[in-house]
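Written out as structure tokens, the structure reads:
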């Protein structure tokens, strides 16, 4: 597969110079960069072909030498060597019959050979460490004039390393023997390179290769032809930077020299800028010019002195070297340009420059070293200060702002009641309104000039209170002294916090306002529309109508408009508490007995027993305390049906107790003490609702139709009622007509007229030992005092119904 360079001019000393150069080069560090897969491919390519191996080593050495002569980067020089070493890897995919064929290849065979560069590129594209070789190998057979393959690239469009590899590979191929040609001599190969420079090969690469051969004393450029060849004309040429002149035969024309802008030409001490005739007797001096674009380094400091930069521009030195030229009657001087980039500063001088600008803190030594070695222009961050720490201002948390009327996650279903999306906050007495956290000043920082930078002072917030609030805990906390609407007024850094016990709704209660739930008094200036509800821990006043709605007040209820298909409750908490009180009282007794039994059982267990208190509770409830589940279910039902959110923190207490005692949650009790804490919470709630049952309230309404009225105290109806049930724990007074429904009171009942000529019936009931007074009653009305009742058989006026001393019902006029 390989060409045999050993057959190239075995007696040629120049050949032996080349081989010795290759042998002297140590390529171990470059080979080490190859991955395992690439080394395996290399072994497969050259394991049985020493000639091919030597061929690739020489190509690699030439490619590396050309790249170094062109002053490429070190990485590109190594890449040039590797590309020469592996350039024939694609030939592994071609049959040996074609590679070793002694005759000229036919078109089909030649086309297969042409594929080897593409195949080689494909191999390298799959090896991450050698991916850069893919493009170089693929384009090494492109020609400078665009007539090559596989993509007919031309000129600078061909990668430079591909152009280098083309010259190196061709020169080795020219000087090596193969089955179908004899090797050329070194001199013949150089001549061919010169002739094909500009067509097949890049002239710059060819010149660099020939310069390298000359510099390494491998070959000597052609000597100037004998002046006899130009006997009739004068000659001038350039050798090693000097101009030589040969006079013509007598009568012949002298040689001319044309200067170029990059050199200073003196003939006999006079500057020459145009074409001039010269002879051997002239004193010719030629000096290539050079110039330097000076660099600079400036220090820039940011306005806050937290960053320092060096803006650097490197020095550019441009020199010219006179190119050798063979003898010619008309010599045109040509030069090669050389450029050298030099950093105008050293690491030490840059450090001194920073010192001159008082920069001494946060200096990045690595950035400065890189600035000198990388030879890059631009602005680089070289020092960074320490910013002051973050200052935290005073913070005020307003817990009531986080509240919402949305149901808890335990109550959520797939449907959302948009009437419950209202956002009117309310608080109970003793509830926390604001919590202040004192701010903290940040740690001081330091500038690049080593100056201390203080952090900003924290913003201080002053808490003040208005009505319904007080400051506690050394000014860090505000609590409510009454139930109502919390308000915050901010003026600069002063916050004034107060509680308004009265919530005024300026219009109607609709879906827009949402259901009203408020801790305090509520004054509604409009009506309450269908399916809405209003709850308040204090009094509720409604100026308009109430239709198909529910009103629940902890205090009194006053309604100036008509009530239709609605439910009105005053002293709502009292009624709720009266329902809860006996149930909780019985539940507490059950829990205490359950605690005692479980505690006795756990004391009898072995010391190392892993049984927890909750396991014993569950076992006892299942076996002995069977009514526990029924009591818990009743309690859950009442809590679900009642609006207990206005109980404030007590709502969380009762819900927490019920949740802890439900189902698998019992197993959370690890010790008797934890269960005892639950009993203590429920006992505290019991004492709270026991106190609420003592309050007496009043419902004062104009009229009601098809409604329910409940009061923990009295009910006053200024007009009348139709098919309405009234329940009062005090006295009921109806100044108008009652038609249908039930009137029930713990104390006395007074009604102006009950029943009607149309036969509408009503049932009036009072507690034992109380009285019913009716101004006018129609027949069919049933009255009851205690357990005794009687239905009137005829219309009656001004009657009083009560029990006599013997416990019989008596009806008399008053």
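Numbering (this note's numbering), first residue to last: 1 to 814. Where is the CB? At the ideal position from N, CA and C, for every residue including glycine.
When rounded, the separation of the alpha-carbon atoms in residue 446 and residue 382 is 16 Å.
If you draw a straight line from the Cα of residue 172 to the Cα of residue 53, it comes to about 13 Å. For a cut-off of 8 Å, the C-beta gap from residue 343 to residue 380 is around 12 Å, too long to register as a contact. Here the stretch 739-749 makes contact with the stretch 760-773; the two share three or more CB pairs at distances below 8 Å. Bounds of any beta strand (DSSP E) do not take in residue 86, whose DSSP letter is neither H nor E. Boundaries for residue 562: no alpha helix (DSSP H) harbours it, while the beta strand (DSSP E) harbouring it runs 557-564, taken from the DSSP string. Contact annotation, residue 301 with residue 453: C-beta distance approximately 14 Å; criterion of less than 8 Å not satisfied. Contact between the stretch 347-364 and the stretch 316-324 is not established, with fewer than three Cβ pairs separated by less than 8 Å. If you check the CB distance, residue 255 and residue 234 come in under 7 Å. Residue 666 and residue 581 have their alpha carbons spaced roughly 24 Å apart.
Listed in chain order, the non-local C-beta contacts of residue 238 below 8 Å within the same chain comprise 244, 322, 323, 324, 325, 331, 333, local neighbours out to five positions each way being set aside. Under the three-state reduction of DSSP output, residue 796 falls in the strand class.
In this structure, the alpha-carbon of residue 166 lies about 7 Å from that of residue 201.
Counting other Cβ atoms within 10 Å of its Cβ, residue 75 stays below 16 and is therefore classed as exposed. Here the stretch 651-670 makes no contact with the stretch 544-557; the two share fewer than three CB pairs at distances below 8 Å. Annotation for residue 209: no beta strand (DSSP E) segment contains it, though the alpha helix (DSSP H) segment containing it runs 203-215. Rounded to the nearest whole angstrom, the C-alpha separation of residue 778 and residue 740 is 12 Å.
Non-local C-beta neighbours of residue 723 in its own chain, meaning closer than 6 Å and more than five positions away in sequence, comprise 706, 740, 741, ordered along the chain.
Annotation for residue 605: 611 place their beta carbon closer than 8 Å to its own, counting only its chain and skipping 5 residues before and after. Annotated three-state conformation of residue 309 is strand, per DSSP. Pairing residue 461 with residue 471, the inter-Cα distance amounts to about 14 Å. Residue 341 and residue 317 have their alpha carbons spaced roughly 6 Å apart. Going by DSSP, residue 570 is part of the beta strand (DSSP E) stretching over 567-570. By a beta-carbon distance limit of 8 Å, residue 428 does not contact residue 466. Their separation comes to about 18 Å. Residue 84 places its beta carbon 7 Å or farther from that of residue 123. Shortest Cα-Cα distance from residue 716 to any of 640, 559, 613, 638 involves 559.
Residue 304 sits exposed, since fewer than 16 C-beta atoms from the chains shown fall within 10 Å of its C-beta. Contact between residue 721 and residue 708 is absent: CB atoms are separated by about 11 Å, not below the 8 Å threshold. Residue environment analysis places residue 795 among the exposed positions, since fewer than 16 neighbouring C-beta atoms fall within 10 angstroms of its C-beta. Ranking 396, 72, 469, 464 by CA distance to the CA of residue 435 puts 396 first. When the beta-carbon positions are compared, residue 563 and residue 540 stay at least 7 Å from each other. In the DSSP assignment, the residues bridged to residue 445 are 453. Sequence-distant Cβ neighbours of residue 283 in its own chain, meaning closer than 6 Å and more than five residues away, are 268. The alpha-carbon separation between residue 363 and residue 346 amounts to approximately 16 Å.
Taken in chain order, the complete beta strand (DSSP E) segments of 3 residues or longer contained in the stretch 638-714 are 698-705, 708-711. Residue 579 and residue 513 have their C-alpha atoms spaced approximately 31 Å apart.
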